[in-house]
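Just remember that the working numbering sits 36 ahead of the position in the sequence shown, which is counted from 1. All C-beta atoms in this analysis are idealised placements derived from N, C-alpha and C, irrespective of residue type, glycine included. Because the structure is a prediction, the values reported are computed rather than measured.
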Amino acid sequence: AVVSTQSGHYGRGYKPTHQYCAMFIVHFIVLLTSVQTQAAQQNSDVLEPPPLTPLHDCPEELSDLQLLIREESLSIREEMFTILGGRSLGESYLLDTVKELANEVRQLQQLIRTNQDTVAGQLNEVQANEERILEETARCTEMIDLARSEVRLISHHKRTWQNSTHSPAYFPDFVVDGVYTRESDQGANPIAHTGSTDRNQVLMIDLGERFKIHTIKVWNRFDINDNMLGVYVYADETLVGGVAENQALYNFDVRDGVFARKVYLKQSRADWLNALEVQVFGTGPYGEDEML
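Printed below as a string of structure tokens:
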């Protein structure tokens, strides 16, 4: 049977959505009202209202409507089952997507564990290298401290300066060249010689770093040795000693705790300043915080 309404025709094989259920219920109510109205018109001369037409008087319409409501209920039930956990096409797609994501998560977890093992191995290697470096650094520090603590010649071939020069053959570098034989031949045994007899002629040796000064040796020239009279020796600003007589070699022992970078020879008299060799012995070098 087919039920005809204003909205169209619906067969038994068609499953309308639940939105049409209300419309068919309204249609059923309108049908009942129409039947009752017709009965009332036929019996208008009766004072008492006629009884309602029983539902069994329209069995065909009622049967079609019951079938439609049942089909609509089944449709709603199926939709609710799908929403609440039924196996629909959308649910299957969602489950497949979740499974793929779970597999990806497991792969990432395995990759993370592998990387963690690799990083842990590299970290252990770095720690082992760090310990080895620390040990080597400690040994090098001990060797450096041992070398620094040894009193040695620290002025050889260091930078020099004097405030005047007698001639190109008497540069101040000759006092740190390591040549100081007792010969009068100045070609094979060169000396440093200032170029003025004014007071305060200066010869300077730059040690390059701060050292703890132990001894300063000044070798006098061989042929004329009275030019050293009146010379004072300084370690930076500390007076180490002075020359009061002619000697071939002057040894100045420096008291403990004198640190200096530069050594000066200063002529206090109005005379030349010359020397064959200047040797500075000490330990170091030391930083500012190590000069105790």
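In this structure, what does DSSP give as the bridge partners for residue i?
i, result
"Lys298", "Asp242"
"Trp197", "Met240"
"Asp292", "Its beta-bridge partners do not exist; DSSP assigns none."
"Arg188", "Gly318"
"Ala228", "Ala311"
"Gln303", "Gln237 and Val267"
"Val134", "Partner(s): none; Val134 has no beta bridge."
"Thr274", "Ala271"
"Val279", "None; Val279 has no bridge partner."
"Thr251", "Asp289 and Phe317"
Return helix, strand or coil for residue i, following the three-state DSSP convention.
i, result
"Val162", "helix"
"Phe207", "coil"
"Glu313", "strand"
"Gln152", "helix"
"Gly214", "coil"
"Gln145", "helix"
"Ile260", "coil"
"Ile105", "helix"
"Asn139", "helix"
"Gly323", "coil"
"Ala284", "coil"
"Gly157", "helix"
"Glu171", "helix"
Given this structure, state the Cα-to-Cα distance separating residue i from residue j, to the nearest angstrom.
i, j, result
"Leu189", "Leu243", "11 Å"
"Phe317", "Lys253", "8 Å"
"Val155", "Ile148", "10 Å"
"Glu219", "Pro321", "34 Å"
"Leu275", "Arg175", "37 Å"
"His192", "Gln315", "7 Å"
"Tyr206", "Ala228", "5 Å"
"Arg36", "Asp272", "Given that the chain is displayed from residue 37 to residue 328, the structure contains no residue 36 and the question cannot be resolved."
"Asn310", "Arg168", "53 Å"
"Ile249", "Lys194", "15 Å"
"Arg142", "Thr177", "51 Å"
"Glu136", "Val162", "38 Å"
"Leu182", "Thr319", "10 Å"
"Gly323", "Thr201", "34 Å"
"Ser232", "Gln303", "11 Å"
"Leu159", "Met179", "30 Å"
"Pro204", "Ala224", "15 Å"
"Arg297", "Leu285", "23 Å"
"Asp5", "Thr251", "There is simply no residue 5 to check, as the chain begins at 37 and stops at 328 in what is shown."
"Gln198", "Asp213", "15 Å"
"Asp292", "Gln237", "28 Å"
"Trp308", "Val187", "32 Å"
"Gln145", "Leu103", "56 Å"
"Phe295", "Asn287", "18 Å"
"Glu326", "Arg184", "12 Å"
"Asp132", "Ile105", "36 Å"
"Thr173", "Pro208", "39 Å"
"Glu166", "Gly157", "14 Å"
"Leu312", "Glu171", "46 Å"
"Val299", "Thr217", "22 Å"
"Asp153", "Val134", "29 Å"
Would the C-beta of residue i count as close to the ligand SAM, meaning under 8 Å from any of its heavy atoms?
i, result
"Thr230", "You won't find the ligand SAM in this model; it holds no ligand whatsoever."
Can you tell me the Cβ-Cβ gap for residue i and residue j, rounded? I've got them flagged as a contact below 8 Å.
i, j, result
"Val211", "Leu239", "7 Å"
"Gly278", "Tyr268", "5 Å"
"Arg257", "Ala306", "In fact, because the Cβ distance is near 19 Å, the residues do not count as touching under 8 Å."
"Ile241", "Thr196", "5 Å"
"Leu301", "Asn282", "The Cβ separation is near 16 Å, so there is no contact."
Hey, does residue i have any beta-carbon neighbour from chain B nearer than 9 Å?
i, result
"Asn165", "As a matter of chain content, chain B is missing from the structure shown, which is built from one protein chain."
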